[in-house]
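Colleague:
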Amino acid sequence: MSKLQVLEYDMMQKDQQSKEMINSLSSNVANLLKSVEQLTGLAQPLLSEILGSNYTSCKMRPLLDSGVYQIQPEKPFKKPMSVLCDQNYMSGGWTVMLNRFDGSVNFYRGWQEYKNGFGSLEGEFWLGLDRIHQLTASKPHELVVLLEDYDGNKTHAKYNLFEIGDEGQKYALKSLGGYSGTAGNAMNDLVGMHFTTLDADNDVWNKNCAVSFTGAWWYKDCHRSNLNGKYLRGETKEFATGMVWQPFRGYHHSLKTAKMMIRPLN
1 MSKLQVLEYD MMQKDQQSKE MINSLSSNVA NLLKSVEQLT GLAQPLLSEI LGSNYTSCKM
61 RPLLDSGVYQ IQPEKPFKKP MSVLCDQNYM SGGWTVMLNR FDGSVNFYRG WQEYKNGFGS
121 LEGEFWLGLD RIHQLTASKP HELVVLLEDY DGNKTHAKYN LFEIGDEGQK YALKSLGGYS
181 GTAGNAMNDL VGMHFTTLDA DNDVWNKNCA VSFTGAWWYK DCHRSNLNGK YLRGETKEFA
241 TGMVWQPFRG YHHSLKTAKM MIRPLN
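Take the sequence shown: its letters are residues 1 to 266, numbered as in UniProt numbering.
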């Protein structure tokens, strides 16, 4: 083998070694990045809980964007909870308790699911009666209901006080303050009413309102509002079974969107 051939062979060997070293380094970097991602994922819940423990409501986070955050209700409630904060509507500070906009989640559910909550905070959901009780019992809250129909009309109903009882009180609507807004007052006669689901008949009608109107609510005998009713996409022949707010579009128009939000008064 000539000297030139030897030199070429050595260069090829070194080139191959360099490629192998680069591949090894790339693999190590990829593994390192994957490990960092995994560690970040493991640490995030703990970090969120630690940071969230400093905030008792979305109102204490007024400078942050809307999104999912951890909050810690005031004593005697000790466990932090994840909530969707709306920081856009009326100066922000709202905790979303109901969010419906596309019919992707079934809201015809039983007591335990309404107690604990269901759905995704990044999609359609019900926050859970336990959480709603903890928040509204810890300090006075106001309630706003935002609605949109299938003709693009938007409206709202606002109540300057809102509180529900605990499970032993069947999550009764304990307080509902003065009404303002453009949607009409469809909850004015519900104070004192217990929450009713398909498997827990707590209304004052001779039948189960939740079963008869395919929902779950603070029904009386039965309703002028049914925001947990079926998602029927606009005009329907069905009577009062849809996601309705009777003073706004009557019983035969199932609304496009419905959002209920609460905010501390001070």
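The C-beta atom is built at its ideal place from N, Cα and C for all residues, glycine as well.
Please report how far the alpha carbon of Leu135 lies from the alpha carbon of Asp102, in whole angstroms.
Modeller: Here residue 135 refers to the residue found at position 135 when the sequence shown is read from its first residue. Here residue 102 refers to the residue found at position 102 when the sequence shown is read from its first residue. Spanning the two alpha carbons is a distance of roughly 27 Å.
Colleague: List, from N- to C-terminal side, the beta strand (DSSP E) runs of 3 residues or more that fit wholly inside the segment 138-208.
Modeller: 141-148, 154-164, 173-176 and 179-181
Colleague: Report all residues from its chain with a CB closer than 6 Å to the CB of Ala258; omit the five preceding and five following residues, and keep chain order.
Modeller: Residue 258 sits at position 258 when you count from the first residue of the sequence shown. Here the set comprises Arg100, Leu147, Leu227 and Met243.
Colleague: Once DSSP output is grouped into helix, strand and coil, what is the label at Asp65?
Modeller: Looking up residue 65 in the sequence shown gives position 65. DSSP, read as helix, strand or coil, puts Asp65 in coil.
Colleague: Just the Cα atoms here: how many angstroms apart are Lys230 and Ala240?
Modeller: By one-based count along the sequence shown, residue 230 stands at place 230. By one-based count along the sequence shown, residue 240 stands at place 240. Going from the Cα of Lys230 to the Cα of Ala240 covers about 9 Å.
Colleague: Quick check: the Cα distance between Trp126 and Leu98, rounded to an integer number of angstroms?
Modeller: For the purposes of this step, residue 126 is identified with residue 126 of the sequence shown, where counting begins at 1. For the purposes of this step, residue 98 is identified with residue 98 of the sequence shown, where counting begins at 1. In this structure, the CA atom of Trp126 is about 5 Å from the CA atom of Leu98.
Colleague: Let's test the definition: count the other Cβ atoms within 10 Å of the Cβ of Ser254 and tell me whether it reaches 16, buried, or not, exposed.
Modeller: As a working mapping, residue 254 is identified with position 254 in the sequence shown. Buried, by the Cβ-count rule.
Colleague: From the DSSP secondary-structure annotation, give me the bridge partner or partners of Thr236.
Modeller: As a working note, residue 236 is residue 236 in the sequence shown. Answer by DSSP bridge pairing: none, since Thr236 is not bridged.
Colleague: Under 6 Å Cβ to Cβ from Thr155, same chain only, skipping five residues before and after it: list those, please.
Modeller: Within the sequence shown, numbered from 1, the residue matching residue 155 stands at position 155. Result list for Thr155: Leu147, Thr182, Ala183 and Phe248, in chain order.
Colleague: Based on Cα-Cα distance, which residue from Lys158, Glu167, Asp203 and Val211 lies nearest to Ala186?
Modeller: If you number the sequence shown from 1, residue 186 lands on position 186. When each option's Cα is compared against that of Ala186, the closest is Lys158.
Colleague: Given Lys115, which residues of its chain have a CB within under 7 Å of its CB, disregarding the five upstream and five downstream residues?
Modeller: Taking the sequence shown and counting its residues from 1, one reaches residue 115 at position 115. The answer, listed in chain order, is Gly128, Leu129, Asp130 and Glu167.
Colleague: Quick one: measure Cβ to Cβ for Pro80 and Leu265, integer angstroms, because I've assumed they're closer than 8 Å.
Modeller: Working through the sequence shown from its first residue, we reach residue 80 at position 80. Working through the sequence shown from its first residue, we reach residue 265 at position 265. Not a contact, Cβ separation roughly 22 Å.
Colleague: Among Ser66, Asn202 and Gln70, which residue has its Cα nearest to the Cα of Thr56?
Modeller: As a working mapping, residue 56 is identified with position 56 in the sequence shown. Closest option to Thr56, Cα to Cα, is Gln70.
Colleague: CA-CA distance, Gln169 and His194?
Modeller: Residue mapping note: residue 169 aligns to position 169 of the sequence shown, counting from 1. Residue mapping note: residue 194 aligns to position 194 of the sequence shown, counting from 1. Rounded to the nearest whole angstrom, the CA to CA distance from Gln169 to His194 is 7 Å.
Colleague: Cβ atoms of Gly110 and Thr197: under 8 Å apart, would you say?
Modeller: Numbered from its first residue, the sequence shown carries residue 197 at position 197. Numbered from its first residue, the sequence shown carries residue 110 at position 110. Going by C-beta atoms, Thr197 is nearer than 8 Å to Gly110.
Colleague: Tell me whether Ser254 sits in a helix, a strand or coil according to DSSP, three-state version.
Modeller: Residue 254 sits at position 254 when you count from the first residue of the sequence shown. Strand.
Colleague: Within 10 angstroms of its Cβ, does Met21 collect 16 or more other Cβ (buried), or is it exposed?
Modeller: By 1-based counting over the sequence shown, the position of residue 21 is 21. The residue in question, Met21, is exposed, as its Cβ has fewer than 16 Cβ neighbours within 10 Å.
Colleague: Would you mind stating whether Asp221 and Trp205 have Cβ atoms separated by less than 8 Å?
Modeller: Here the question's residue 221 lines up with position 221 in the sequence shown. Here the question's residue 205 lines up with position 205 in the sequence shown. Contact: yes.
Colleague: Can you tell me which of the three DSSP states Arg109 falls into?
Modeller: Mapped onto the sequence shown, residue 109 falls at position 109. Three-state DSSP puts Arg109 in coil, outside helix and strand.
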